[in-house]
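*Asks:* Protein sequences appear in the order of chains Y and H. Positions 1 to 123 (the working numbering) are the ones given, in order, by the first sequence. Positions 1 to 123 (the working numbering) are the ones given, in order, by the second sequence. There's a structure below that I have some questions on.
There are 2 protein chains.
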Amino acid sequence: MERLDEDASVISASKVTGTDVYNTEGQHLGEIHDLMLDKRTGKIAYAVMSFGGFLGIGERYHPLPWATLKYDTRQGGYVVGLTKQQLEGAPRFGRDENPAWGDRTFEQRIHDYYRAPPYWAAS
Amino acid sequence: MERLDEDASVISASKVTGTDVYNTEGQHLGEIHDLMLDKRTGKIAYAVMSFGGFLGIGERYHPLPWATLKYDTRQGGYVVGLTKQQLEGAPRFGRDENPAWGDRTFEQRIHDYYRAPPYWAAS
């Protein structure tokens, strides 16, 4: 996995995708599967982290508010302040599920869980 | 090419990538190659449009401010208000060039060209 340039203020979506995600204990949680974008404002709404499964089967996805991810040069991946137990209860969806992106009730639950300001709030 | 859901307020970066770009005359200009993101604010800085070349050789890239792209359901692609002649003079880079992302002089030139407010301005 190519390391991200930590000093760069601007990074490409294709390089963020595939980057590993760890918790603060250094445990590997998953990797960035995709980014969800708010079309109107052009802001990243969520980084979708994938974990578990084999060759995509049984894989589950966690939408993480962008602000919860900090890049760590030492590990060469993103770090989120989340134990594996906390992750178990986090909002997630399966491979064949179609999350209600743009639905404020669904999305508010994600932001409440991570105590992160919603992407539709003024920055 | 899968069509984007025009009604969705939130779309995935992986679906935006590969989407065709046309001008208002309906001429095909290129396709979305990647998205450049402002790490600090989580905003899309540019959509990078690729055009020309064959199997990536000779391909050129145009950074387009996100706000210049409008999705058109009829064509199933993005539309920018730009003639092919205007595109000829637009800021661009080659496959092996490393654009100065985050450099305000380089970036201001892009925003000036498209008369689009820079991504670092308050939204």
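A virtual CB, placed ideally from N, CA and C, is assigned to each residue, including glycine.
Is residue 11 (chain H) buried or exposed, if buried means 16 or more other CB atoms sit within 10 Å of its CB?
*Replies:* Translated into positions along the second sequence, residue 11 (chain H) becomes position 11. When all chains shown are included, residue 11 (chain H) counts as buried.
*Asks:* For residue 39 (chain Y), count neighbouring Cβ atoms within 10 angstroms of its own Cβ and tell me buried if that reaches 16, exposed if not.
*Replies:* Position 39 of the first sequence, counted from the start, is the residue given in the question as residue 39 (chain Y). That one is buried.
*Asks:* By DSSP, does residue 39 (chain Y) sit in helix, in strand, or in coil?
*Replies:* The count along the first sequence starts at 1 and reaches residue 39 (chain Y) at position 39. Residue state, collapsed to three classes: coil.
*Asks:* Since residue 96 (chain Y) is in the alpha helix (DSSP H), which residue starts that stretch and which ends it?
*Replies:* To locate residue 96 (chain Y), count along the first sequence from 1; it is residue 96. Taken as a continuous stretch (DSSP letters only), residue 96 (chain Y) belongs to no alpha helix (DSSP H), as it is neither H nor E.
*Asks:* Return the residues of the stretch 77-90 of chain Y that lie within a Cβ-Cβ distance of less than 8 Å from chain H, sorted by chain order.
*Replies:* Taking 8 Å as the Cβ-Cβ cut-off against chain H, none of the residues of the stretch 77-90 of chain Y qualify.
*Asks:* Taking only beta-carbon atoms, is residue 14 (chain Y) less than 8 Å away from chain H?
*Replies:* The residue given as residue 14 (chain Y) occupies position 14 in the first sequence. Yes, because at least one Cβ of chain H sits closer than 8 Å to the Cβ of residue 14 (chain Y).
*Asks:* With 16 as the cutoff for other CB atoms within 10 Å, does residue 41 (chain Y) come out buried or exposed?
*Replies:* Residue 41 (chain Y) sits at position 41 when you count from the first residue of the first sequence. It is buried - the Cβ of residue 41 (chain Y) has at least 16 other Cβ atoms within 10 Å.
*Asks:* Along the alpha helix (DSSP H) that carries residue 119 (chain H), what are the first and last residues, could you check?
*Replies:* Start at 1 with the first residue of the second sequence, and residue 119 (chain H) comes out as number 119. No alpha helix (DSSP H) contains residue 119 (chain H), which DSSP labels as neither H nor E.
*Asks:* Return the CA-CA distance between residue 88 (chain H) and residue 88 (chain Y), expressed in angstroms with no decimal places.
*Replies:* Mapped onto the second sequence, residue 88 (chain H) falls at position 88. Mapped onto the first sequence, residue 88 (chain Y) falls at position 88. One C-alpha to the other measures close to 52 Å.
*Asks:* When you compare the CB positions of residue 31 (chain Y) and residue 14 (chain Y), do they come within less than 8 Å of one another, or not?
*Replies:* Within the first sequence, residue 31 (chain Y) is the residue found at index 31, counting from 1. Within the first sequence, residue 14 (chain Y) is the residue found at index 14, counting from 1. It is not a contact, given that the beta carbons lie outside the stated cut-off.
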